[in-house]
Amino acid sequence: MASLRRSPLPRRARAVLALALVLLAAPLAPPAARAQGESVTIVKVEREKPVREKRPTLRFLKANRDFIRARFDRLRVTTLERRAGATELDPRFLRYRELLAEIARAKDSVATAADERERHALFSSVGDLAKLEAELDQMERLLAAQGARLGVLQADFTGRQRTELDVLVTGAALAGVVDSVIVTLEDGTRVVAGLDDTQRQALARGGAFEVFRGLVEPREQVIEIRFAGDGWSQAGSGYVTLEPTRDRLTFLRLDLAQAQPARGLASVVAGLWRHEPGPPPAPTAEANRDEP
Amino acid sequence: MDDLTRRSRNRRAESGSAVAFAFALALAAAPALAEPPAFAAREGLELVSAAAQAWSADAVLVYLENDEDLDGAGRATRWGYLFHSPSQARARAWSVRGGKLVAAENLDMRFDAPALGAGWLDSGAALAAAEAGGGERFRNDHRGRLLTMLLMRGALSEGDPDATTWTLVYGSPGAPSLFVVVDAATGRIQRTWRG
Chain R
6 MASLRRSPLP RRARAVLALA LVLLAAPLAP PAARAQGESV TIVKVEREKP
56 VREKRPTLRF LKANRDFIRA RFDRLRVTTL ERRAGATELD PRFLRYRELL
106 AEIARAKDSV ATAADERERH ALFSSVGDLA KLEAELDQME RLLAAQGARL
156 GVLQADFTGR QRTELDVLVT GAALAGVVDS VIVTLEDGTR VVAGLDDTQR
206 QALARGGAFE VFRGLVEPRE QVIEIRFAGD GWSQAGSGYV TLEPTRDRLT
256 FLRLDLAQAQ PARGLASVVA GLWRHEPGPP PAPTAEANRD EP
Chain H
57 MDDLTRRSRN RRAESGSAVA FAFALALAAA PALAEPPAFA AREGLELVSA
107 AAQAWSADAV LVYLENDEDL DGAGRATRWG YLFHSPSQAR ARAWSVRGGK
157 LVAAENLDMR FDAPALGAGW LDSGAALAAA EAGGGERFRN DHRGRLLTML
207 LMRGALSEGD PDATTWTLVY GSPGAPSLFV VVDAATGRIQ RTWRG
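Read top to bottom, the protein sequences are chains R and H.
So in the numbering used here, spot 214 of the first sequence is number 219, and the numbers just go up one at a time.
So in the numbering used here, spot 82 of the second sequence is number 138, and the numbers just go up one at a time.
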């Protein structure tokens, strides 16, 4: 407590620092500490946007655009009476309702058993103990069933990694003040993330700041990075070429530890790595009287 | 001394052979590196769908065509796929080559076409149907060749505006092109015309 009082950082800053350190523990640990296959590849931040070969696509469509569009326009005024068939419903959605019903039934059973148990505060015979044992067995079975249900949900919702990019900033710049980081994807998506004093202090102490996380196309692409702030607004843009792997999470870390405005964005050290999903953890369930 | 000279010559001969072998290997590998294998239209669908989902959650495939020359089995080294997003009212295309997305662009025209029907025949089966339905004869009679295969729903379909159809375009230096429309669900020839 005393050491906390001596800390020069306000409470909010300490909280942010702690959060940043926790965040660091997983994805930004040294490569050796991360799971196998997540080694960091250092990539160059270019001053000029790399020029790539442009391949023409859909040439027939473009050459005959008026004809084809006219055919589609004609379709829109054509009325056709047909029986509309219902589309198939994903069977998992029906299963989710069943799972909810099972949970409700299990809750009722446990609640009933708990009420009854409360009414019998003292066990006067061996028969009561046997009954208690049966109740405990029933609760164990319900817990196992709950675990299985959680497993179903986990497989459906956490097992599907899509192609994602996570852009992180670490370190404090040697000179200037970075007020915000601007990331522009090739499709024009632009993300601006502002940094306040607390966050800059967290970065200086080894924290990380997430600028962007979202779905990206699984192809080679160039992303543009700019910093705004004292000294950095005139530093120009930097370009990083990366190729996110399909159905994987790719991290791009921009380390500012050696960065200075005079050398531009090229002084930022960029590292790439891919998160390889491990086997899903075994589902667990904490049960209590209200949530069996 | 003679023995040493012989050994030295042998070594030189061996290293010369190794260099020649490596050179021959490099020559053999060069075309393979330059030209990835041709593939049927469906093979690129999974990859391009992942890109489309990243672009827009409601993106649906509305059109595809070969981006490079076709072979006799309905395969091409590059295919182009066009998706439409109703929520964005935009269309975006991707081109697949060698298992990678090598081009991506937004279509600079309005193209709110209907989504392709599920279960469409792959390009190989469509080509086989078109060849039997007049394509082969056209090629033989007019020294023609298959230029384009495109898949869309409704626009070129005759009778059933809901049908997804392959359209195959055969060209010839001295004759009007042949168009063969194949029902992508059944493989039946819907119609042919010259123009």
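Yeah, the Cβ is synthetic: ideal placement off N, Cα and C, and Gly gets one too.
Because the structure is a prediction, the values reported are computed rather than measured.
Give the DSSP-derived three-state secondary structure of residue i in the structure shown.
i	result
R:V221	coil
H:S228	strand
R:F232	strand
H:M205	strand
R:D201	coil
R:A118	helix
H:S179	helix
R:R124	helix
R:Q151	helix
R:S238	coil
H:A159	strand
R:F98	helix
H:R247	strand
R:D113	helix
R:A275	strand
R:V45	coil
R:E169	strand
R:Q263	coil
R:G243	strand
R:A213	strand
R:R258	strand
R:L63	coil
H:F235	strand
R:A30	Low local confidence applies: a pLDDT of 42 at R:A30 is under 50, so the model's placement there is unreliable, with the coordinate-based value given in what follows. Helix, per DSSP.
R:V157	helix
R:A196	Sequence inspection shows Val at residue 196 of chain R; the Ala mentioned does not correspond to that position. In the structure shown, R:V196 sits in a strand (DSSP, three-state: E or B).
R:E107	helix
R:V131	helix
Compare the C-beta of residue i against all C-beta atoms of chain H and say whether one is closer than 8 Å.
i	result
R:R60	yes
R:L137	no
R:T168	yes
R:R97	no
R:L66	yes
R:D171	no
R:R88	no
R:R154	no
R:L63	yes
R:R251	yes
R:A38	Because the pLDDT of R:A38 is 38, which lies under 50, any placement of that residue in the model is unreliable, and the question is left without a value.
R:F232	no
R:Q80	According to the sequence displayed, residue 80 of chain R carries Leu and not Gln. R:L80 counts as touching chain H.
R:F77	yes
R:R70	yes
R:I73	yes
R:R279	no
R:R224	yes
Does any CB atom of chain R fall closer than 8 Å to the CB of residue i?
i	result
H:G251	no
H:M57	Confidence is the limiting factor: at H:M57 the pLDDT is only 44, short of 50, which leaves the residue's position unreliable, though a coordinate-based value still follows. Cβ-Cβ to chain R under 8 Å: no for H:M57.
H:Y119	yes
H:D123	yes
What I want to know is whether the C-beta of residue i ends up closer than 7 Å to one or more non-hydrogen atoms of the ligand PLP.
i	result
H:A182	You won't find the ligand PLP in this model; it holds no ligand whatsoever.
Against chain H, which members of the stretch 178–201 of chain R pass a CB distance test of less than 7 Å?
The stretch 178–201 of chain R vs chain H, Cβ under 7 Å: D192.
Cβ pair count under 8 Å reaching 3, the stretch 169–181 of chain H against the stretch 215–227 of chain H:
Contact holds between the stretch 169–181 of chain H and the stretch 215–227 of chain H, because three or more Cβ pairs, one in each stretch, are under 8 Å apart.
Please give the ranges of any alpha helix (DSSP H) in the stretch 73–157 of chain H, keeping only runs that are unbroken, at least 4 residues long and fully inside the region.
101–111
Tell me whether the stretch 62–72 of chain R and the stretch 264–282 of chain R touch, counting them as touching only if at least three CB pairs, one residue from each stretch, are closer than 8 Å.
The way I'd put it, the stretch 62–72 of chain R doesn't touch the stretch 264–282 of chain R; fewer than three beta-carbon pairs between them come closer than 8 Å.
Scan the stretch 189–223 of chain H for residues whose Cβ lies nearer than 7 Å to a Cβ of chain R and list them as they occur along the chain.
T204, L206, G210, A211, L212, P217
Contact residues within the stretch 86–116 of chain H, judged by C-beta distance below 8 Å to chain R:
Cβ contacts with chain R come from L103, A106, A107, Q109, A110, W111.
Contact residues within the stretch 201–222 of chain R, judged by C-beta distance below 9 Å to chain H
G219, L220, V221, E222
Give, in chain order, every residue of the stretch 166–179 of chain H whose Cβ lies closer than 9 Å to some Cβ of chain R.
R166, F167, D168, A169, P170
Got a sec: which bits of the stretch 136–162 of chain H sit with their beta carbon under 9 Å from any beta carbon on chain R, in order along the chain?
Within the stretch 136–162 of chain H, the qualifying residues are G136, Y137, L138, R148, A149, W150, S151, R153, K156, L157, V158, A159, A160, E161, N162.
Taking one C-beta from the stretch 168–186 of chain R and one from the stretch 210–228 of chain R each time, how about it: are there three or more such pairs within less than 8 Å?
yes
Give a yes or no on contact between the stretch 134–144 of chain H and the stretch 106–124 of chain H, applying the rule of three or more CB pairs nearer than 8 Å.
yes
In the stretch 109–120 of chain R, which residues sit with their C-beta less than 7 Å from some C-beta in chain H, listed in chain order?
none
Cβ contact check for the stretch 230–247 of chain H and the stretch 206–214 of chain H: 3 or more pairs under 8 Å
yes
Segment contact flag, the stretch 216–232 of chain R with the stretch 246–256 of chain R, C-beta cutoff 8 Å, min 3 pairs:
The stretch 216–232 of chain R is in contact with the stretch 246–256 of chain R.
Within 8 Å, do at least three Cβ pairs link the stretch 105–115 of chain R to the stretch 185–205 of chain H?
no
Pair every Cβ in the stretch 147–159 of chain R with every Cβ in the stretch 183–194 of chain R, then say whether three or more of these pairs are closer than 8 Å.
no
At least three beta-carbon pairs within less than 8 Å, the stretch 142–149 of chain H to the stretch 188–195 of chain H
Between the stretch 142–149 of chain H and the stretch 188–195 of chain H, the count of C-beta pairs closer than 8 Å stays below three; the two stretches do not touch.
Could you tell me whether the stretch 144–152 of chain R touches the stretch 228–243 of chain R, where touching means 3 or more Cβ pairs closer than 8 Å?
no
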